[in-house]
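Per our numbering, residue 3 is the first one in the sequence shown, and the count goes up by one each step. C-beta atoms are modelled at their ideal positions from N, C-alpha and C, and glycine is treated no differently. All values reported here derive from a predicted model rather than from experimental measurement. See below for the structure under consideration.
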Amino acid sequence: MKNKFQIALKNSEIPEFFKGAGQYFSPDPDWGVHLHIRNWRDLCEYLENLDTKNDENQILENSFIVYLNSLKQSYDDAESLAYNISGYYSMREDYAFMSRDGYDLIKALTPEKKSIIGKLFRLLRRDYHSQNIGKPVITLEKLLDRIRNNGCTLDLEKL
């Protein structure tokens with residue numbers, strides 16, 4: 003049985019996969035919102051089980067670049083990016099290939115791609131509170147702390 007990431011690769015639906023759109027939506031059982039971490043687990047399971055080893059991070063990087071290129075300067079895309087970066091750093095502890103030879107997906111990106119991240123994280127900082135009034139979400143500081151505590155050494159807002 004194919005997992006969601008494998009289907010997204012086959013159908014050229016990488017942005018939809020990372021955003022949790024359509025068939026790639028993985029609902030949180032309590033809140034009904036998309037749980038990005040579930041898609042990251044599918045992605046990691048697929049990459050870990052590839053027949054050709056040492057290609058995992060290149061496939062991941064290429065896929066993430068396709069996703070980055072699809073993003074607009076919108077709150078929804080900024081939030082999606084933050085949860086995807088959080089998912090990446092969370093999964094690095096469970097899947098050794100993701101940090102093999104000191105590899106870091108975000109550090110490996112070109113300055114142009116890092117700039118996309120920086121702009122969206124600054125937008126997220128600006129709008130996070132107003133977009134989440136009355137919603138049962140963690141604070142932006144807790145989300146950023148989670149990303150840092152899972153191994154991100156970059157100041158994402160300054161990229």
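Can you tell me where the alpha helix (DSSP H) with V139 in it begins and where it stops?
Run containing V139: none; DSSP gives neither H nor E here.
Would a C-beta distance cut-off of 9 Å place L122 and Y130 closer than the cut-off?
Between L122 and Y130, the C-beta spacing is not below 9 Å.
Quick one: residues in its chain with C-beta nearer than 6 Å to the C-beta of D30, no 5 flanking neighbours on either side, listed in chain order?
Listed in chain order, the non-local C-beta contacts of D30 below 6 Å within the same chain comprise L37, local neighbours out to five positions each way being set aside.
Does the distance from the C-beta atom of F7 to that of E47 stay below 9 Å?
At a Cβ-Cβ threshold of 9 Å, F7 and E47 count as neighbours.
Distance check for G120 and L158, CA to CA, integer angstroms please.
Cα to Cα, L158 sits roughly 6 Å from G120.
Figure out for me which residue from D32, I16, S72 has the closest Cα to the Cα of W42.
The shortest Cα separation from W42 among D32, I16, S72 belongs to I16.
At the level of alpha carbons, what is the spacing between L126 and Y90?
Going from the Cα of L126 to the Cα of Y90 covers about 18 Å.
Taking all protein chains shown into account, decide if I149 is buried (16 or more other Cβ within 10 angstroms of its Cβ) or exposed.
Result: buried.
Within its chain, find whatever has a CB closer than 6 Å to the CB of L83; leave out the 5 residues flanking it on each side and keep chain order.
Around L83: L122.
To the nearest angstrom, how far is it from the Cα of N152 to the Cα of L146?
Distance from the CA of N152 to the CA of L146, rounded to the nearest whole angstrom, comes to 10 Å.
Would Y97 pass as a contact of F19 if the rule is Cβ separation under 9 Å?
No.
Are K115 and I67 touching if we call contact CB-CB under 9 Å?
It is a contact, given that the beta carbons lie within the stated cut-off.
Would you check if the distance between the CB atom of D44 and the CB atom of N5 is smaller than 9 Å?
Judged by their CB atoms, D44 and N5 are nearer to each other than the 9 Å cut-off.
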